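For reference, the structure discussed in these notes is given below.
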Amino acid sequence: YLAVAGGIAVPEVMGSYSTDLKSGIGGLEGRLLKDGDRLATGKPSRQFSGPQGVKQLLWGNRIRALPGPEYREFDRASQEAFWRSPWQLSPQSNRMGYRLQGQSLTRTTDRELLSHGLLPGVVQVPYNGQPIVLMNDAQTTGGYPRIACIIEADMYHLAQIPLGQPIHFVQCSLEEALNARRERQRYLEQLTWRLQHEH
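Numbering of the sequence shown is given in full-length UniProt numbering, commencing with residue 1 and proceeding in unit increments.
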């Protein structure tokens, strides 16, 4: 992650300074950044002496996940491949979805699914058998089978894995997922407190 004192000087839209080019919001003059671009920054509100208490981001490749609602509709070979095979991020990945490249996954049924609700972290498998992990800008409904769901505590980690690095999914329990979420929340609260009380 990159933190900029004062933030990047861009127009505020609906209380946010985020970019969503598909909606025509943000960006540099409405476009993606490219080499050589210069960004204006806002005025820093306070001095920051360093990253005390900030965890070092480790480039591990193990991402924890829970089996999804349609997990049992995939054949055994596909279930095993999802957990045991390495996956790589496709260059077509974006903030809507991380497209994965690896062994093609196959369902044991051609049952059509009704549209269902979606959240970031859901792993859908379209007709080509290559999974897509829904990210922060993903749609809210869809009809592809959901083989798994990345746990919330590991989504930030997945978002930082570079193209070309292998990814391995590790099955975990709901209890483990909830414990990991609580641990990450405690860390973020402690970090927030340190930043607010730093002199």
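Yeah, the Cβ is synthetic: ideal placement off N, Cα and C, and Gly gets one too.
Because the structure is a prediction, the values reported are computed rather than measured.
Segments assigned alpha helix (DSSP H), at least 4 residues, entirely inside the segment 156-185: Complete alpha helix (DSSP H) runs here, min 4: none at all.
C-alpha distance - serine 90 paired with serine 104, whole-angstrom precision: Going by the C-alpha atoms only, they are around 14 Å apart.
Per-residue DSSP class, three states only, for tyrosine 98: If DSSP states are grouped into helix, strand and coil, tyrosine 98 belongs with the strands.
Extent of the continuous alpha helix (DSSP H) run through alanine 148: For alanine 148, there is no enclosing alpha helix (DSSP H); the residue is found in the beta strand (DSSP E) stretching over 146-150.
Residue nearest to isoleucine 63 in terms of C-alpha spacing, selected from Gln196, Gly27, Tyr156, Gly26: Here the closest residue by C-alpha is Tyr156.
Secondary structure of serine 115, DSSP reduced to three states: The answer is coil: DSSP assigns serine 115 none of H, G, I, E or B.
Cutoff 8 Å; reference glutamine 139; Cβ partners in own chain excluding five residues on either side: Answer for glutamine 139: Met96, Leu118, listed in chain order.
Delimiting residues of the alpha helix (DSSP H) encompassing glutamine 79: Per DSSP, glutamine 79 belongs to the alpha helix (DSSP H) from 76-84.
Distance between proline 120 and asparagine 136 (C-alpha atoms, nearest Å): So the two alpha carbons sit approximately 6 Å from each other.
Backbone secondary structure at threonine 141 - three-state DSSP: In the structure shown, threonine 141 sits in a strand (DSSP, three-state: E or B).
Range covered by the beta strand (DSSP E) that runs through proline 67: Where proline 67 is concerned, the enclosing beta strand (DSSP E) stretches over 62-67.
Isoleucine 132 - containing beta strand (DSSP E), residue span: For isoleucine 132, the enclosing beta strand (DSSP E) has its first and last residue at 132-134.
Coarse secondary structure for glutamine 124, derived from DSSP in three states: When DSSP states are grouped into helix, strand and coil, glutamine 124 belongs to the strand group.
Inter-residue Cα distance where the pair is glutamate 175 and arginine 31: Cα-Cα distance, rounded: 42 Å.
The segment 177-189 touching the segment 67-77, judged by at least three CB pairs closer than 8 Å: Because the criterion of three Cβ pairs below 8 Å is not met, the segment 177-189 and the segment 67-77 do not touch.
Glutamine 88: first and last residue of the uninterrupted beta strand (DSSP E) it sits in: Glutamine 88 -> beta strand (DSSP E) spans 87-89.
Residue of Ala9, Ala3, Gly143, Phe169 minimising C-alpha distance to glutamine 79: Shortest Cα-Cα distance from glutamine 79 to any of Ala9, Ala3, Gly143, Phe169 involves Phe169.
Neighbour-count burial assignment, arginine 146, 16 or more Cβ in a 10 Å radius: It is buried - the Cβ of arginine 146 has at least 16 other Cβ atoms within 10 Å.
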